[in-house]
Amino acid sequence: MRLAGWLTVRAAAAVATLAVLSAVVFWATEVLPGDAVGTTSGPNATDAERAAIRISLGLDRPAHERYVDWIGDVARGDLGTSLTGRGVGEIIADRLGASLSVLVPAAVLILVLAGALGVTAGLRVGGRLDRGLNATTLGLVGSSDFLLATGLLVVFTAWWPVLPAVALVPAGDQLWQHPDLVALPALALALGGFGATMRLLRASVAQTAATGFAEFARLNGVRGPRYLWTVVSNAAAPALHGLAIMLAGLLGGSVVVETLFNVPGIGYELTRAVAERDIPLIQGLSMTLGAATLAILLAGDLLAALLDRHRAHSPAGIR
Amino acid sequence: MKLRLILPLLVLAVAALGPWVPVGSPTAPVAGPFESWSGAHVLGTDILGRDVLARVLAGGRMLVVQAAVATLLGSVVGLGVGVWAGMTHRHRAARFTVRGIDALAALPGILLLLVLATGAPGSGAAIVAASVLVSVPFSVRVNRERVAALVRTDYARAAQARGDTVATRLRYDIAPGLAPTALAEAGIRFVAAVQLAATAGFLGLGASAPAANWGRMVQENSAGLTTNPLPVVVPAFLLVVLAVGVTFLLDHLAGRVLGEADRIGAGR
């Protein structure tokens, strides 16, 4: 019962955050100077033409009225029409596949790599692997996504040209059908998230391995896979929050990586829309990305809570 | 050992003083595109034949200034709200405020950056604003935790019981314990702000095209990597050294103040 109440509070907080985001998005795109009129009318329009476009786009009405209209449409799932004439929802549905075909391999790569290395390093704190990884991950955490992505681009397209630099998908094909095009962007995205995730897992495992029950297990001769399971299963719940934050962070990183590698995904579409000042598209894409981020964080919280609850109630639970 | 403390200071000096070094114009083409390094152009030329050394020297200050302003603003807000929330008796209001600000942390920084940059194209203010929005939730959380712990100490309680004013308690009971935490926190925020500012340059936001910017240099010159890698490698190297180096520097300084136990970057 407490879980349901807690979940309601978290969901309400997520909705409130989304409302704040919508206000920021609306304020930045419609209230600040440089609205859609200048883009639509072109540089040669007369004042009368501009005024006509302003009225046809509904920009002559007060901002709060337009905000309420817009947010009402968004809540009903109508994201409006891009300046190119296509529906924003349609564009997002179109671009989602490409984004996912980069995001999913990247997330899997992070989970496998950070999981294996984080657990190994956490079980042997201060060992050679641990020290080596400590320096490496600090470097990775210190480098922005765009630096890592450019670094990969240098290595794999200029110095050792085995992979294509730009994701040019043949017409009619989907991106996920071409692993060679996915490899570099996914790897770049994975490197960005790997450092922080691995450090977090390592810390969580090291902390668990230093607890009384882990020592008790060791002293009782629990070794190998069983000991590993004892530590990892108890280190998982605290690490889950971190994993959710990492996954949510990948969405932000994907904007940069997709732009650099020309992956026709949602992030690429967003930077393009910002460059072309396509206001309805920017609004729709920002709200979608924001909602996706919040959904991931909420799911992570819920999972961690369930895991915790399960442990607290299970008779074999070690606490 | 000493090198990793000197390097970040050196990069900061390059960024801050670089624009004053008389090496010619950072925006005027002086030779063909992507020429290799030579006596005339120590780092060669970039995609439009501009001197890379001049651009490197000119391209760091804006990033560091934007990051510093964002860190300062974020720290002021973070300290203000954090200290208030940690010391106030109105626990419910404090918890509500902190939760509200915390919710902002869920939004990706790059998303806020892009949205704000749409509203104020070509302006560094959007980048600063995005950095502040991203950093404030963390700053508030860290500062509040520290203040709450300090308020619970025996000496702080004694001061409160004997009726010291809030200002006196802040000055003598809270500030000395809070300063190292706030400093370390500000340093971490600074590094993040530099990265966000560089990413903004990379995405073509902020000050418009001819202006030099380490982030944008990486982006615009990646086409000529095989001919002259220096216009990409040098700014990228400087950015990494700045980020990692400042973290190390803080670790060192905080270690001096806090003692070994509370060091930021030190593993466990």
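Sequence order for the protein chains is A and B.
Counting along the first sequence from 1, when you hit position 48 you're at 55 in my numbering, and nothing is skipped either side.
Counting along the second sequence from 1, when you hit position 135 you're at 241 in my numbering, and nothing is skipped either side.
Glycine residues also receive a C-beta, built at the ideal position from the N, C-alpha and C atoms.
Remember, predicted model here, so these are calculated numbers, not experimental data.
Distance, residue j Cα to residue i Cα
{"i": "Ile-370(B)", "j": "Thr-353(B)", "result": "Note that Ile-370(B) scores 39 on pLDDT, short of 50, meaning its location in the model is unreliable; the coordinates nonetheless yield the value given after this. Cα to Cα, Ile-370(B) sits roughly 9 Å from Thr-353(B)."}
{"i": "Leu-210(B)", "j": "Pro-243(B)", "result": "7 Å"}
{"i": "Leu-345(B)", "j": "Ala-298(B)", "result": "11 Å"}
{"i": "Arg-252(B)", "j": "Arg-201(B)", "result": "15 Å"}
{"i": "Leu-247(A)", "j": "Leu-159(B)", "result": "46 Å"}
{"i": "Ile-286(A)", "j": "Pro-337(B)", "result": "34 Å"}
{"i": "Ser-65(B)", "j": "Leu-239(B)", "result": "Past the boundaries of the shown model lies residue 65(B); chain B is included only from 107 to 374, so the question cannot be answered."}
{"i": "Arg-110(B)", "j": "Met-253(A)", "result": "28 Å"}
{"i": "Ala-318(B)", "j": "Leu-154(B)", "result": "12 Å"}
{"i": "Thr-300(A)", "j": "Ala-55(A)", "result": "42 Å"}
{"i": "Val-324(B)", "j": "Ala-342(B)", "result": "7 Å"}
{"i": "Thr-224(B)", "j": "Gly-231(A)", "result": "55 Å"}
{"i": "His-197(B)", "j": "Leu-289(B)", "result": "26 Å"}
{"i": "Pro-316(B)", "j": "Ala-21(A)", "result": "41 Å"}
{"i": "Ala-120(A)", "j": "Ala-304(B)", "result": "The question names Ala, but residue 120(A) in the sequence shown is Leu. Taking the straight line joining both Cα atoms gives about 28 Å."}
{"i": "Asp-152(B)", "j": "Ala-311(A)", "result": "50 Å"}
{"i": "Asp-260(B)", "j": "Arg-284(A)", "result": "58 Å"}
{"i": "His-71(A)", "j": "Gly-310(B)", "result": "31 Å"}
{"i": "Val-272(B)", "j": "Leu-222(B)", "result": "38 Å"}
{"i": "Thr-88(A)", "j": "Ser-240(A)", "result": "48 Å"}
{"i": "Leu-140(A)", "j": "Gly-125(A)", "result": "9 Å"}
{"i": "Asp-85(A)", "j": "Tyr-234(A)", "result": "52 Å"}
Residue i - DSSP class collapsed to helix/strand/coil
{"i": "Thr-278(A)", "result": "helix"}
{"i": "Gly-94(A)", "result": "strand"}
{"i": "Asp-157(B)", "result": "strand"}
{"i": "Pro-135(B)", "result": "strand"}
{"i": "Thr-151(B)", "result": "strand"}
{"i": "Thr-144(A)", "result": "helix"}
{"i": "Thr-333(B)", "result": "coil"}
{"i": "Thr-271(B)", "result": "coil"}
{"i": "Thr-353(B)", "result": "helix"}
{"i": "Thr-53(A)", "result": "coil"}
Residues near residue i by beta carbon distance below 7 Å, same chain, minus five either side
{"i": "Ala-221(A)", "result": "Thr-215, Thr-237, Val-238"}
{"i": "Gly-199(A)", "result": "Asp-152, Leu-155, Gly-260"}
{"i": "Pro-112(A)", "result": "Val-189, Ala-193"}
{"i": "Asp-137(A)", "result": "Ala-128, Arg-131"}
{"i": "Ala-255(A)", "result": "Thr-300, Ile-303, Leu-304"}
{"i": "Arg-250(B)", "result": "Gly-188, Ala-191, Gly-192, Val-204"}
Buried or exposed (CB count within 10 angstroms, at least 16 for buried), residue i
{"i": "Ser-142(B)", "result": "exposed"}
{"i": "Asn-227(A)", "result": "exposed"}
{"i": "Trp-166(A)", "result": "exposed"}
{"i": "Leu-123(B)", "result": "exposed"}
{"i": "Thr-91(A)", "result": "exposed"}
{"i": "Ala-281(B)", "result": "exposed"}
{"i": "Ser-245(B)", "result": "buried"}
{"i": "Ala-134(B)", "result": "exposed"}
{"i": "Gly-230(B)", "result": "buried"}
{"i": "Phe-140(B)", "result": "buried"}
{"i": "Trp-320(B)", "result": "buried"}
{"i": "Pro-214(B)", "result": "buried"}
{"i": "Ile-62(A)", "result": "exposed"}
{"i": "Phe-223(A)", "result": "exposed"}
{"i": "His-147(B)", "result": "buried"}
{"i": "Leu-257(A)", "result": "buried"}
{"i": "Trp-77(A)", "result": "buried"}
{"i": "Tyr-278(B)", "result": "exposed"}
Same chain only: Cβ atoms within 8 Å of residue i, ignoring 5 sequence neighbours per side
{"i": "Val-175(B)", "result": "Val-234"}
{"i": "Val-109(A)", "result": "Leu-182, Val-189, Pro-192, Ala-193, Leu-196, Ser-261, Val-264, Glu-265, Val-270, Gly-272"}
{"i": "Val-281(A)", "result": "Ile-289"}
{"i": "Leu-25(A)", "result": "Met-294, Gly-297, Ala-298, Leu-301"}
Limits of the unbroken alpha helix (DSSP H) element including residue i
{"i": "Val-32(A)", "result": "9 to 33"}
{"i": "Asn-241(A)", "result": "231 to 268"}
{"i": "Val-175(B)", "result": "167 to 193"}
{"i": "Ile-280(B)", "result": "Looking at the DSSP string, Ile-280(B) is not in any alpha helix (DSSP H), and its letter there is neither H nor E."}
{"i": "Leu-111(B)", "result": "109 to 123"}
{"i": "Thr-204(A)", "result": "186 to 216"}
{"i": "Gln-325(B)", "result": "320 to 326"}
{"i": "Val-253(B)", "result": "230 to 257"}
{"i": "Glu-72(A)", "result": "70 to 82"}
Cutoff 9 Å: residue i Cβ touching any chain D Cβ
{"i": "Phe-308(B)", "result": "The displayed structure is made up of protein chains A and B, and chain D is not among them."}
Sequence-distant residues of its chain with Cβ nearer than 6 Å to residue i (five each side left out)
{"i": "Ser-211(A)", "result": "Ala-242, Pro-245, Ala-246"}
{"i": "Thr-144(A)", "result": "Gly-202, Met-205, Arg-206"}
{"i": "Val-183(B)", "result": "Val-242"}
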